[in-house]
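> Pasting a structure here, questions to come.
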Amino acid sequence: MILKYLIRAALLAVPVGQVAPVAADVGPLPRADIFVLGEVHDNAATHVVQAQIIEKVAPRAMVFEMLTPAQAKAAMGVDRSDPDAVAQATDWANSGWPDFAIYAPIFAAAPKAAIIGAAVPRERLMTAMQDGTAAALGSAAAQWLSPIAPADQQAREAEQAEAHCGALPPEMLPGMVAAQQLRDVAFARAAADAFDDMGGPVVLITGTGHARKDVGVPSYLAAARPDLAVFALGQFEGSAPGTDVQDAFDRIILSDPANRPDPCAAFTN
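Quick note on numbering: the sequence shown equals residues 2 to 270 in this note's numbering.
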């Protein structure tokens with residue numbers, strides 16, 4: 002009942018002109034130790050889907066890309082059915098993430114689960130961008146990192162260029178790939194550690210790009226922790242992506258596009 006109320010509240014909070022989210026039927030879910038639930042960060046419908054899955058799987062822990070460990074600890078001390086309390090405890094308004102109202106259903110869907118923050122500190126991201134992912138990981142690199150093949154490196158750099166509207170100088174692209182890889186490894190480690198500490202299932206809330214089985218969090222879990230069963234959800238707007246992208250997930254869910262300004266305008270103004 003609380004989850005339905007918060008989903009309704011999230012719908013009411015959608016800005017005027019934005020497509021209101023419709024809860025998709027997530028269908029039956031496989032058994033998994035870790036559920037990597039991708040999202041489109043500013044699309045409320047994708048968070049409704051995540052909340053539905055969380056209700057179904059009843060995780061022991063929820064790992065958030067968006068939270069630091071300090072924010073996660075603060076969130077543990079408040080009533081998750083009170084969106085204002087969670088937002089205030091985590092200082093969400095100053096986090097740079099979209100309005101907390103669209104994330105509130107996720108927190109309310111697992112009122113007893115541990116909340117874990119996996120956000121990567123800026124200084125570690127800068128180390129990865131300047132000196133490589135291995136330098137930023139330190140001793141953990143041996144277990145969690147493997148070299149990226151030249152063809153894959155090229156493909157990842159092309160994806161970073163496209164994601165940044167072709168505005169980045171080419172010399173920055175390897176650093177952007179390293180930062181993305183560092184985040185993937187950090188989220189994978191946090192999810193695996195949560196499973197080891199509390200048992201499963203564990204849910205990871207993250208962007209759809211991080212949920213890919215070929216290059217994202219599940220790929221690092223498969224390499225370093227093959228003992229863990231992982232489910233990867235990809236969420237997209239509008240029409241279905243190509244077959245190669247679809248194959249990178251265990252399930253794809255589509256939502257209507259959110260109404261947002263042209264993201265490339267920031268690079269031209």
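We treat Cβ as the ideally placed atom computed from N, Cα and C, and that holds for glycine.
Please read all numbers here as calculations on a predicted model, not as lab measurements.
#1: My guess is that Ala-137 and Ala-129 are in contact by the Cβ rule of under 8 Å, so how many angstroms apart are they, rounded?
#2: Got a sec? Which residues, its chain only, sit under 7 Å from Val-121 by beta carbon, not counting five neighbours each side?
#3: For the beta strand (DSSP E) containing Arg-32, name the first residue and the last one.
#4: Can you look up Leu-229 in the DSSP assignment and give me helix, strand or coil?
#5: In the DSSP assignment, the alpha helix (DSSP H) including Val-50 goes from what residue to what residue?
#6: Cβ of Ala-88 versus every heavy atom of the ligand SAM: is any distance shorter than 7 Å?
#7: Which parts of the stretch 227 to 269 are runs of the beta strand (DSSP E), unbroken and 3 residues or longer, counting only runs that do not cross its ends?
#8: Leaving out the 5 sequence neighbours to the left and right, which residues in its chain are closer than 6 Å to Ile-116 when beta-carbon positions are compared?
#9: Between the C-alpha atoms of Asp-100 and Ala-94, what's the straight-line distance to the nearest angstrom?
#10: Helix, strand or coil: which one does DSSP assign to Glu-66?
#11: Which term fits Gln-131, buried or exposed, when burial requires 16 or more other beta carbons within 10 angstroms of its beta carbon?
#12: With a cut-off of 8 Å on the beta carbons, I'd call Leu-38 and Leu-234 a contact; round off their distance for me.
#13: Tell me the residue span of the beta strand (DSSP E) that contains Gly-118.
#14: Could you tell me which whole alpha helix (DSSP H) segments of length 4 or greater appear in the stretch 132 to 176?
For this structure:
#1: 4 Å
#2: Leu-183, Arg-184, Ala-187
#3: That residue, Arg-32, is in no beta strand (DSSP E); it is neither H nor E in DSSP.
#4: coil
#5: 45 to 58
#6: No copy of the ligand SAM appears in this structure; indeed no ligand is present at all.
#7: 231 to 238, 252 to 256
#8: Met-63, Ala-73, Ala-76, Met-77
#9: 7 Å
#10: coil
#11: exposed
#12: 5 Å
#13: 115 to 118
#14: 134 to 138, 142 to 145, 151 to 164
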